[in-house]
Amino acid sequence: MEKLSKGLRTVDERVAELKHNFEVHMKEATQIKIDLDKQQETIDVAGTLIDRLSGEYGRWQEQIGSLQNELDCLEKGSLLSAAFVTFLGSESEQVRNEILNKWKKLLNLSDFNTLEFNVMETEKLNWSNKGLPTDSLSQENAMILFNTTEIPLIIDPSGRASLFLEEYLKDKQLEKVNANDSNFLTQVVELAIRFGKFLLIDDVNRVEPTLISLLRKDFSNQGPRRIVQIGEKAIDYNDNFRLYICSRNNLLRLDQTSKAAVALICFSITQTGLASQMLGLAIQMEKPALETRLNELTGDVEQMKIKLDGIEQSLLQTLASSEGSLLDNTDLLDSLNKSKENAETTAISLSEADKLQKQLIKEKNVYRPLAEAASNLYFIIHDLHKQDPMYNFNLNIVINLYNRTFSKVKESTNTMGRIEKLRRVLQHTVYEYVSRALFKKDRLMFSMRFVHGIQPSLFGQNEWELFTGLIVDDVTVSSMEEIDWIGCERKANVAKLQKYLPTLFNNLRFTDHRLWSEFARTINCETVFPPSVDAVITPFQKLLVIQAVRPERLYFTMINFVTDVLGVPSINPPPLDLKSIYKSESNENEPIMILISPGADPSQELEELARKEISRTKFYQISMGQGQRQAALEAIRTCATSGGWVCLKNLHLAVSDLAAIEKEFLTSKRDPGFRLWLTSESNEHFSPQLLQASLKIVYEAPPGIKNNMKRIYAQWQQSELNFSAVYLQSLFMLAWLHALLQERRMFIPEAWSKFYEFSNSDLRVAKKFVEDITKDDKAVDWQLLRGLMQTVAYGGRIDNDFDMNVLVVYLKRYFNSSVIGINGPEIAHHISVPFSSNITDYTNIINTNIPDDDNPTLFGLPSNISTAREIAETNKTILQIRSMPVVASEAVFDSSESNYNTLERLNSQSTLHSMDIPLAQHTDDLILEIISLEYIHAIMLVQKVHKFLGAISKCLRGIQLLTSEIANGARALMMHQTPEEWQEAWRGPSDPAQYLTALIHKAKSIEQLSRINDSHKILANPIRLGNIFRPTAFFNALRQLTARKKHMSMDEFKLGTAWNAAFLKNENVMEISGIHIQGALFEGHIVETKQISPTVATAPNLYIAWISADSPDVYEKDQSIFVPLYATPERNQLIAEVQMPCTKNSDRWIIASVALFLSNQ
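In the working numbering, each residue carries its 1-based index in the sequence shown increased by 148.
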């Protein structure tokens, strides 16, 4: 038992031990399970954390890569950004990109983005919320604005930058002041500087000189104080002060001091940015609810983006600032989870909002074609001021017309149909608005550019360039031999059609003579195109055909083309109706600028309108000039308050007063009835700001002799004219003469060689002479009267002998006893002058007998001169279109490269541009010596032009310094004008391409002459003097040669000219070929042209010789006339006087301005 008991105890002890061990192991197992559960929880937490942060990891990795890239290019990027902020604020978007790409290439930063490097995405979103446009130019400008160390001067025609600054700096208590406020300098600026305010000066037109010290930060120290001088005041400068200057004037002129003192930032209007703005305006008017919803949604999206970015930044900050183990920090984990959940929720909401936003944008974009069309219209008209400084239109013009268009077109359920109608109405409204603000001479140019701008699809590849002369090529005409119905002088133009528009050329079938026979013989050829050809070519291609084959009809064809495309009856706007403009368009806040031509005066019509609308007592008229500034300012001040009208006339005579007038107008409190009327002729110094702010209309004196005489008699009838019949008849002849002299200017250079300023002062002086000599009953000294009018009244303005001859003949014809003093002398066809002492009889003749439209025969001019005028108008219009400047440096490069290539192509198979200049050949043979000198001159000219174009190219590539001469030349080429430096060397065509063509043609011709070593061989054949740079040199050489041969002094000779060599026997004769005649035809003697005659006809070869001064002229004096021989049809370089046989009455040919000129073709 005891043994058993002992064994049992042993068992119990063992059981107790095992139990204890079990308990220990169970406890350990429990602890292990607890630890395992804890670790599992940790693993779960870690997994959740990793899962939550996995998306962030990818983003952080991208950011690390991005930051590493930024770190790698930090130094270069900072340098590039500093240069961008410092130098590129004033440049356009295109120029910025060009320069920036060059800089990036130099620094090997091909993928560098200036905006991303300097601005956080959240900041850009904030800018957008505050009203900054989202286009890249505006974003870059904001970056410059807030990073520059200089005071910014912002050029912003749209005014949106000023509104953005107001909103963005609202929490800084930004104070805004208008530069036209009289106290902005004395109070606002001084207080802002002293108390450290943020100040915005808006509508600046000039930088006040008193601000220069502030802009340049010329501070002086007085102990701890910093002092700046504003005018005569020294003001304590507060370091918190910030100044922003805004101007809407994109033509703001700054002197070098002001430019150096500010950071110029140009918010130039871009087509994309303006289209977005126009789209917003369209939606506001058409679907305001959509715009509101989209704006709200856009705001929500941007807020969610900002919130999402804030959550992500908070998450990163929380992780970075946590202490200890992330897995043990439950509060942190909860916060992270919550942040991530919020981020996910926000991201989902953002995705849904994005989808809805895209749907709303799609609905909005239905109106985008209309917005883009409106934007395009602004860019069509905004650079018209480069043709005439008075044609200055700002963005608000297009915006106002755009807004007005929506009220004109009735609402419709057919949205697309309504949009198309809105587009058409808008285009017509803008066209009519701008046309009435242009002088008549510029309307065709504008119309063609307008059509090209709004409907580019009407013009095929190369068609517009060929039409405007931008394509220049020395084409061969050998392939044109089969086309025998087209004149030789037109075949080069047809060859260009074949080369650059082969499909069109093939469709024309020019070799089919029968097909084109009616077209060739019909005056109005544009109306009789062959039907089979008409069916396969476009309207503009018709224009190209007319230009190539029948240029005399191009003027009318261009007008027809424009009116057909635009659907308007005429390129001229409806007759000016001042009452309609006052009632429906004008307001007290917009001056009405009336652009006038010389001799036009709308003041009488304005006075009559004022009498009917407001009473004459409330209408003030002031003729501006010396000492009238104060009177004008007082009138504006008075009428602005009382609601009266002010008319300031002839502002072009008081340009220095414009700033004061503009300031007075802008600062005055204007009554709704107030109107400010302004009249001015064109003036390049006129205030652009005033022009942009004005409603512009053109008032031109109606052309024609009848209208001219009506204006004269309207002036004369204001004074008493109760004199004798001789006096009144003489006055009528004076009015007739004055009208002839002025209206002949319509036919320059055929009728007058240049524009002469025959004015009302000349008329007043002549009237005084007529009065003094004819008012008494004594016999009239007609020779004295003609002499006074020739030398004192009119002749003093004429500097060409042949033009003076025209005046002399007119005076002889109309002021003599066989015309004045008798009843019914006929001064022109069906125009007889009564012998009456009643002035009404004379005005009746003007109203009933003188035609409304001038016939050239009234002036004694050839009947076909109208065709010459139309050709001249056409050429001028095409030159205007071609010379519209392009400001981009790319255009400069293209222009110089194009002309350089043209020169190379024209100079092919010749070494003129690279050869050494030979020495002059001094021999006894004067003809050979002259040719040698001409050859040297030709080589020097070609090399000068070649070197000049090469220099421009090098400057653009950055391998040569830019000089003022090169810059001026490049600017001229960019505007398709021949540089003045070239013209000084040789006066040639104004178009550079034509200049180069003529230059090389002449140079090659002289080169061929220089190869002939015998002057007898040269003189034995006709010489084409049109191929010589200095044709007068040949005349002088022949004169010296003759003097040596006859052993006489050169002064003992005169030039003898004949059209038959037999008339110059036993003389040293030179035969000249390539002579054209204008104003008449030559058939052995001068004969009259017909209306269908060509404007320029070929004359036979001319024979010249120097004959003894005592010898009789080749032709009898009473059966011949001396006419000028000019170097070119422009009649600006006289070569010689040539005697031409004619029938009796040589005066008719003097009045017809018959002239010869050399041809170089």
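Cβ atoms here follow ideal geometry from the backbone N, Cα and C, with glycine treated the same way.
Between F1096 and H1224, the CB-CB gap reaches or exceeds 8 angstroms. Under the 8 angstroms Cβ criterion, the region 731-740 counts as touching the region 806-823, having at least three qualifying pairs. L339 places its beta carbon 8 angstroms or farther from that of L313.
Taken atom to atom, the span from the alpha-carbon of N1175 to that of A1151 is near 8 angstroms. Cβ-Cβ separation between Q938 and L959: approximately 6 angstroms, consistent with a contact (criterion under 8 angstroms).
S1221 sits away from P1289, with the two beta carbons spaced by 8 angstroms or more. Taken atom to atom, the span from the alpha-carbon of F1182 to that of L1074 is near 9 angstroms. Here the alpha carbons of W612 and K510 stand approximately 35 angstroms from one another.
Listed in chain order, the non-local C-beta contacts of S1294 below 6 angstroms within the same chain comprise I1269, local neighbours out to five positions each way being set aside.
In the three-state reduction of the DSSP assignment, V172 falls in the helix class. Inclusion of I413 and P300 in the CB contact set at 8 angstroms is warranted, their separation being smaller than that value. Around the CB of R1017, 16 or more other CB atoms lie within 10 Å, so the residue is classed as buried. Excluding the 5 residues flanking it on each side, A1257 has same chain C-beta neighbours closer than 7 angstroms at E1200, F1201 and K1202, in chain order. Your pair S395 and I292 does not check out as a contact, with CB atoms roughly 16 angstroms apart and the cut at 8 angstroms. Here P973 is not near G1227, since their CB atoms are 8 angstroms or more apart.
Take G379, set aside five residues on each side of it, and the residues of its chain with a beta-carbon closer than 6 angstroms to its own are T358, in chain order. For N551, there is no enclosing beta strand (DSSP E); the residue is found in the alpha helix (DSSP H) stretching over L543 to K556.
Each of H1124, S965, F653 and L586 was checked against the Cα of L1027, and the nearest Cα belongs to H1124. Secondary structure at Q695: helix, using DSSP grouped into helix, strand and coil. Scanning the region 306-346 from its first residue to its last, the whole alpha helix (DSSP H) runs of 4-plus residues come out as 308-316 and 338-343. The residues M426, V546, Y550 and L574, in chain order, have a CB closer than 7 angstroms to that of A522 in the same chain once the five nearest residues on each side in sequence are set aside.
T405 counts as exposed, since fewer than 16 other beta carbons sit within 10 angstroms of its beta carbon. Between I383 and I393, the CB-CB gap reaches or exceeds 8 angstroms. Between the region 920-931 and the region 888-906, the count of C-beta pairs closer than 8 angstroms stays below three; the two stretches do not touch. The region 267-275 and the region 234-244 do not touch, with fewer than 3 CB-CB distances between them shorter than 8 angstroms. It is roughly 21 angstroms from the alpha-carbon of E1231 to the alpha-carbon of E898. Between L1157 and I1079, the C-beta gap is smaller than 8 angstroms, which places the two residues in contact.
By the criterion of at least three beta-carbon pairs nearer than 8 angstroms, the region 854-861 is not in contact with the region 769-777.
Residue environment analysis places C636 among the exposed positions, since fewer than 16 neighbouring C-beta atoms fall within 10 angstroms of its C-beta. When the Cα atoms are used, M1198 and L1189 turn out to be separated by approximately 10 angstroms. Remark: three or more beta-carbon pairs, one from each stretch, lie closer than 8 angstroms, so the region 719-731 and the region 839-853 are flagged as touching. Looking at the DSSP output, S835 sits in no beta bridge, so it has no partner there.
Assigned with DSSP and collapsed to three states, N369 falls in strand. Contact check for T1015 and T1243: beta-carbon distance about 5 angstroms, within the 8 angstroms limit, so the pair qualifies. Judged by DSSP in its simplified three-state form, F917 adopts helix.
Contact between L652 and Q695 fails: their C-beta atoms lie close to 12 angstroms from each other, not under 8 angstroms.
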